[in-house]
Amino acid sequence: MKHRIVVLGAGYAGTFSAGYLARQLHADDFEITVVNAEPDFVERLRLHQLAAGQDLRHRPLPEVFAGTGIRLRVARVTGVDTAHRAVTVTDGDGIDRLEYDTLLYTLGSTVADHGVPGVGAHAFHVAARPAALRLRAGLDELGTDGEVLVVGGNLTAIEAATEIAESRPGLRVSLVTRSELGGWLSTKGRRHLLRAFDRFGIAVHEHTTIQRVEQAAAFTADGTRFASDATVWAAGFAVHPIVAASGLAVETDGRITVDRQMRSVSHPNVYVAGDSAFVIAESGLPLPMSCASTAPTAKQATAAIIGDLTGRKIPAITMSYTGNHISLGRKDAIYQFVDRAGQTKPRPLRGRTAARVKSSILDGAAWALSHPNLGKPSHQYRSTTATAHSPELTTG
Ligand SMILES: Cc1cc2nc3c(=O)[nH]c(=O)nc-3n(C[C@H](O)[C@H](O)[C@H](O)COP(=O)(O)OP(=O)(O)OC[C@H]3O[C@@H](n4cnc5c(N)ncnc54)[C@H](O)[C@@H]3O)c2cc1C
1 MKHRIVVLGA
11 GYAGTFSAGY
21 LARQLHADDF
31 EITVVNAEPD
41 FVERLRLHQL
51 AAGQDLRHRP
61 LPEVFAGTGI
71 RLRVARVTGV
81 DTAHRAVTVT
91 DGDGIDRLEY
101 DTLLYTLGST
111 VADHGVPGVG
121 AHAFHVAARP
131 AALRLRAGLD
141 ELGTDGEVLV
151 VGGNLTAIEA
161 ATEIAESRPG
171 LRVSLVTRSE
181 LGGWLSTKGR
191 RHLLRAFDRF
201 GIAVHEHTTI
211 QRVEQAAAFT
221 ADGTRFASDA
231 TVWAAGFAVH
241 PIVAASGLAV
251 ETDGRITVDR
261 QMRSVSHPNV
271 YVAGDSAFVI
281 AESGLPLPMS
291 CASTAPTAKQ
301 ATAAIIGDLT
311 GRKIPAITMS
321 YTGNHISLGR
331 KDAIYQFVDR
341 AGQTKPRPLR
351 GRTAARVKSS
361 ILDGAAWALS
371 HPNLGKPSHQ
381 YRSTTATAHS
391 PELTTG
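Numbering-wise (full-length UniProt numbering), the sequence shown opens with residue 1 and increments by one.
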């Protein structure tokens, strides 16, 4: 019987991991199944562009995984039963259970509503494609006249506000943040950011906390009202509620607690990568939920899976974070580097060059993830767990 590896999610971490495992592990010993709610690989980093009205390139997962031997299940994961090593999924045919021997959890994150009443019912967000498309439809309805209120002061809020302002110049865009807009940036980076907001005519309300969202307005605790025809909630990400119900050990922020090799500390046959994993970086700070964090976490998780199942030595992947790359519409951006201790470096890359660099990094990542067969080794590792095969490298 083959060892069943189930990968939950085909975003940045899941698509990379599934492709890498399929290249490295022998198909006679391992069966790899990927479950994803969407039929495409979605470039989540461009969802603010989709919401603003731009079309993204389609990358159908059946094409991405063609020739890899990976089984694709387009379905929504509704539960992980760690006690029985099974995952519950739903699709057009109803509810199903998929059993696993090894699980790789890469379902990413969703929008964090922070318990603020009305966010779910009245606000839009851009954390997933269906949500971004709903916002796009909402903006289409407004046409060339209306108020858009973006709530949040971090990367996604900045990117959403500037993208909407640039793509839909008739709309009046404002942003409300409970702290300082881009307060973590270097002096030059922040100056550049504020100039861009000024250029786009985006009104900024700092040190203001939204406590309630209604149909056409958002309110602070003291009753200050912000009129809004479309409220975009971009106040952070949170892991999916599936995790809390799974019995996996989690941190206070809900992310899954893992060991240095990305195994769940409570369920070592469950590995985690991407936004769902809580990892302390070399800087001593937790890795942020970011695409930049998916690469080391996915590399470490796949290395550990291969090591645990085939007896190979598990390398220690460096867990570092080099900075954030913030788009300000299509022609401007800030690439803010941080040092090894997580401190902001003084000279960020700015302007058109930063925008071009960001776009080519995103295109390069999506292209690489869409070609999992490239770099396929001529040897695959055999299992030391499910079968009596020897652990040594054999010709695949
Ligand atoms: C608008 C926007 C802009 C961003 N910009 C940047 C940026 O510039 N730089 C940066 O570093 N990070 C950025 N991020 C964050 C980045 O997108 C995430 O950190 C990254 O996508 C995390 O990768 P992941 O593989 O963990 O999750 P994802 O890429 O989100 O993949 C998760 C996958 O799981 C699927 N899924 C989720 N729930 C279910 C379910 N219940 N059942 C089945 N499938 C499911 C999803 O469809 C998706 O395919 C941005 C995010 C957003 C929303």
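Ideal placement from N, C-alpha and C gives every residue a C-beta, glycine not left out.
Let me know the beta strand (DSSP E) ranges lying completely inside the region 326-373, each 3 residues or longer, listed in chain order.
333-337
For H48, which of helix, strand or coil comes out of DSSP?
The residue labelled residue 48 in the question sits at position 48 within the sequence shown. Three-state DSSP puts H48 in a helix.
Tell me whether R4 sits in a helix, a strand or coil according to DSSP, three-state version.
As a first step, residue 4 is located in the sequence shown; it is residue number 4 there, counting from the start. Reduced to three states, the DSSP call for R4 is strand.
In whole angstroms, what separates the C-alpha of S390 from that of S246?
Position 390 of the sequence shown holds residue 390. Position 246 of the sequence shown holds residue 246. The pLDDT assigned to S390 is 34, lower than 50, so where the model puts this residue is not dependable, and the model offers no usable value.
State buried or exposed for K345, treating a residue as buried only when at least 16 other CB atoms are found within 10 Å of its CB.
Walking along the sequence shown from the start, residue 345 turns up at place 345. With fewer than 16 Cβ atoms within 10 Å of its Cβ, K345 is classed as exposed.
In angstroms with no decimal places, state the Cα-to-Cα distance between S290 and D275.
Mapped onto the sequence shown, residue 290 falls at position 290. Mapped onto the sequence shown, residue 275 falls at position 275. Distance between the alpha carbons of S290 and D275 is about 7 Å.
Residues bridged to S264 [DSSP beta-bridge criterion]:
Here residue 264 refers to the residue found at position 264 when the sequence shown is read from its first residue. DSSP, once it has assigned bridges, lists V258 as partnering S264.
Rank I32, T231, V148, H205 by C-alpha distance to the C-alpha of H122 and give the top, closest one.
Within the sequence shown, the letter at position 122 stands for residue 122. Closest option to H122, Cα to Cα, is T231.
Close-in-space but distant-in-sequence residues of the same chain around A112 (CB under 7 Å, 5 per side omitted)
Within the sequence shown, numbered from 1, the residue matching residue 112 stands at position 112. For A112, where only same-chain residues beyond five positions count, the Cβ hits under 7 Å are A235, G236, F237, A238.
For a quick check, are the C-beta atoms of Q336 and I317 less than 8 Å apart?
Mapped onto the sequence shown, residue 336 falls at position 336. Mapped onto the sequence shown, residue 317 falls at position 317. Contact flag unset, no.
Nearest-angstrom Cβ-Cβ length linking G342 and L285, presumed shorter than 8 Å:
On the sequence shown, residue 342 is found 342 positions in, with the first residue counted as 1. On the sequence shown, residue 285 is found 285 positions in, with the first residue counted as 1. Indeed they touch by this definition, with Cβ atoms about 5 Å apart.
Compute the distance between the beta-carbons of A66 and S167, then report whether it is under 8 Å.
The residue you call residue 66 lines up with position 66 of the sequence shown. The residue you call residue 167 lines up with position 167 of the sequence shown. Going by C-beta atoms, A66 is not nearer than 8 Å to S167.
Own chain residues within Cβ distance below 8 Å of G254, not counting five before or after
Locating residue 254 in the sequence shown gives position 254, where the first residue counts as 1. Excluding positions up to five away in sequence, the list reads A238, V239, V243, A244.
Whole angstroms are fine: how far does the CA of D29 sit from the CA of H3?
Residue mapping note: residue 3 aligns to position 3 of the sequence shown, counting from 1. Residue mapping note: residue 29 aligns to position 29 of the sequence shown, counting from 1. Rounded to whole angstroms, H3 to D29 spans 6 Å at the Cα level.
Under the three-state DSSP convention, the category H192 falls into:
Taking the first residue of the sequence shown as 1, we reach residue 192 at position 192. Of the three classes helix, strand and coil, the one that applies to H192 here is helix, per DSSP.
What number of angstroms, rounded off, separates the C-alpha of P377 from the C-alpha of Y20?
For this step, residue 377 is matched to residue 377 along the sequence shown. For this step, residue 20 is matched to residue 20 along the sequence shown. In a straight line, the C-alpha of P377 is about 10 Å away from that of Y20.
Paired residues, beta bridge with N36 - DSSP:
Here residue 36 is taken as the residue at index 36 of the sequence shown, counted from 1. V74, per the DSSP bridge assignment.
How would you call H58, buried or exposed, if buried means at least 16 neighbouring beta carbons within 10 angstroms?
Within the sequence shown, numbered from 1, the residue matching residue 58 stands at position 58. Taking every protein chain shown into account, the CB of H58 has fewer than 16 other CB atoms within 10 angstroms, so this residue is exposed.
Please tell me whether, using a cut-off of 7 Å, the distance from the CB of I242 to the nearest non-hydrogen atom of ligand 1 is below it.
Along the sequence shown, read from residue 1 onward, the residue named residue 242 stands at position 242. Yes, since a heavy atom of ligand 1 falls inside the 7 Å radius drawn around the Cβ of I242.
Cβ-Cβ separation, I314 to A298 (assumed contact under 8 Å), whole Å:
Taking the sequence shown and counting its residues from 1, the one referred to as residue 298 is at position 298. Taking the sequence shown and counting its residues from 1, the one referred to as residue 314 is at position 314. Wrong, their Cβ atoms sit about 14 Å apart, outside the cutoff.
Alpha-carbon spacing of R199 relative to L185, whole angstroms
Start at 1 with the first residue of the sequence shown, and residue 199 comes out as number 199. Start at 1 with the first residue of the sequence shown, and residue 185 comes out as number 185. Roughly 19 Å between the two C-alpha positions.
Cα-Cα, which of R190, L248, A196 is closest to A83?
Position 83 of the sequence shown, counted from the start, is the residue given in the question as residue 83. Cα-wise, what sits closest to A83 is L248.
When you measure from the CB of Y105 to every non-hydrogen atom of ligand 1, does any distance come out below 7 Å?
By 1-based counting over the sequence shown, the position of residue 105 is 105. Result no, Cβ not under 7 Å from ligand 1.
Nonlocal neighbours in the same chain, by C-beta distance under 6 Å from T394, ignoring five residues either side:
For the purposes of this step, residue 394 is identified with residue 394 of the sequence shown, where counting begins at 1. Legend: pLDDT at T394 = 34, less than 50; position of this residue unreliable, value from coordinates given subsequently. Here the set comprises R382.
I'd like to confirm something about N154: is its beta-carbon nearer than 7 Å to some heavy atom of ligand 1, or not?
Counted from its first residue, the sequence shown places residue 154 at position 154. Answer for N154: no, Cβ out of range of ligand 1.
Between the CA atoms of R134 and F219 - distance to the nearest angstrom
Counted from its first residue, the sequence shown places residue 219 at position 219. Counted from its first residue, the sequence shown places residue 134 at position 134. Computed Cα separation, rounded: 22 Å.
Identity of the residues DSSP links to W233 by a beta bridge:
The count along the sequence shown starts at 1 and reaches residue 233 at position 233. Answer is V151, bridged to W233.
Mind checking which residues open and close the beta strand (DSSP E) that includes V279?
Translated into the one-based positions of the sequence shown, residue 279 becomes position 279. First-last for V279: undefined, no H or E at that position.
Sheet register partners of G323 (DSSP bridge)
Translated into positions along the sequence shown, residue 323 becomes position 323. In the DSSP output, where bridge partners are listed per residue, G323 has F337.
To the nearest angstrom, how far is the alpha carbon of V176 from that of A277?
Reading the sequence shown from its first residue, position 176 is the one you call residue 176. Reading the sequence shown from its first residue, position 277 is the one you call residue 277. Roughly 29 Å between the two C-alpha positions.
Status (buried if at least 16 other CB within 10 Å, exposed otherwise) for D140:
One-based indexing of the sequence shown puts residue 140 at position 140. Looking at its Cβ environment, which holds fewer than 16 other Cβ atoms inside 10 Å, D140 is exposed.
Here's a check: name, in chain order, each residue in its chain whose Cβ is nearer than 6 Å to the Cβ of T387, leaving out the five neighbours to either side.
On the sequence shown, position 387 is the one that residue 387 refers to. Caution is warranted here: a pLDDT of 43 is assigned to T387, below 50, making its placement in the model unreliable, and the coordinate value is therefore given only provisionally. Excluding sequence neighbours, T387 sits near D29.
Does the distance from the C-beta atom of L103 to that of L8 stay below 8 Å?
Here residue 103 is taken as the residue at index 103 of the sequence shown, counted from 1. Here residue 8 is taken as the residue at index 8 of the sequence shown, counted from 1. In this structure, L8 lies closer than 8 Å to L103 by Cβ.
Alpha carbons only, please: which of R352, A13, K188 is nearest the one belonging to S109?
Against the sequence shown, residue 109 aligns to sequence position 109. S109 has its Cα closest to that of A13, out of R352, A13, K188.
For A121, is the beta carbon positioned less than 7 Å from some heavy atom of ligand 1?
Locating residue 121 in the sequence shown gives position 121, counting from the first residue. Not under cutoff, so the answer is no.
Taking all protein chains shown into account, decide if I95 is buried (16 or more other Cβ within 10 angstroms of its Cβ) or exposed.
As a working mapping, residue 95 is identified with position 95 in the sequence shown. Result: exposed.
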